[in-house]
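Have a look at the structure below before the remarks.
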Amino acid sequence: MALYEHVFLARQDLAQAQVDALAETATKIIEDNKGKVTKTETWGLRSIAYRIAKNRKAHYVMLEIDAPAGVVAELERQTQINEDIIRYMTVKVDALEAGPSAMMRKGDRDRDSRRGGERGDRPDRGDRGDRPDRGDRPRRDFDGE
C-alpha cells in the first residue's frame, strides 16, 4: 500500500466539533475501503492567503494515510461533494513523519524566537559617526530658495 498526506480546509463558520466530524468521516471512508489512517492532526483556524468562496480563514486538518490508490480516489470524490470543505490536497509521500508535523512544530519555534531562541541576540550597531542635527540644515522653501 502507498503512503499519502491528505490536507483539507473546512469553512471558517464551522464549529470545532463539526470539523472533527469531517475528519472522522474521512477516516471512515478510508477504513471502509481497506486503508488505514495513521495520524490525524487538526491545525486549527488559520488565515488563508486569498479569499476562497468568501472565506478569509479556514480550519486545517491533515490525515496521514496508508492505503491503495483506489481509496484516495474515493476519498477525493466524497470530499468534492461535501460543501463544508473548500479546498483539499492529497500528496503521495515516500515515508510518513514520525512525531508532529512541521505545522505543529512551528508554534514551538515561534515561541523560541520571541525569547531570543535560535537566532540569538542582535549585535550592537555601534557608533553611527558625526551626523548633523535637523536644526543645522538650511531650510528650503517650496520655490527653491
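With positions in the sequence shown counted from 1, the corresponding number in our numbering is that position plus 90. Cβ atoms here follow ideal geometry from the backbone N, Cα and C, with glycine treated the same way.
Could you give the DSSP three-state label for E187: helix, strand or coil?
coil
Kindly identify the DSSP beta-bridge partner or partners of Y140.
DSSP, once it has assigned bridges, lists no residue as partnering Y140.
For W133, which residues from the same chain have a beta carbon less than 6 Å from its beta carbon, with the 5 sequence-adjacent residues on both sides left out?
Y150 and M193
How far does the beta strand (DSSP E) with R146 in it reach, from first residue to last?
N145 to A157
Delimiting residues of the alpha helix (DSSP H) encompassing E114:
Q106 to D122
How many whole angstroms separate the CB atoms of V161 and I120, which I take to be in contact at a CB cut-off of 8 Å?
6 Å
Can you tell me the Cα-Cα spacing of E154 and E164, whole angstroms?
16 Å
Cβ distance (whole Å) where Y76 is taken to contact V97 below 8 Å
An answer regarding residue 76 cannot be provided, because it is not within the stretch 91 to 235 covered by the chain.
With DSSP as the reference, identify every bridge partner of E131, one or two as the case may be.
M152
Please classify V183 as buried or exposed, where buried requires at least 16 neighbouring CB atoms within 10 angstroms.
exposed
My output table needs one value for M179: the three-state DSSP class, helix, strand or coil.
strand
Kindly indicate which residue of R146, S191 and A188 has the alpha-carbon position closest to the one of A100.
R146
Which residue marks the beginning of the beta strand (DSSP E) containing R101, and which one marks its end?
A92 to R101
Let's test the definition: count the other Cβ atoms within 10 Å of the Cβ of Y140 and tell me whether it reaches 16, buried, or not, exposed.
exposed
Looking only at C-alpha atoms, which of A157, I142, A148 and D214 sits nearest to K118?
A157
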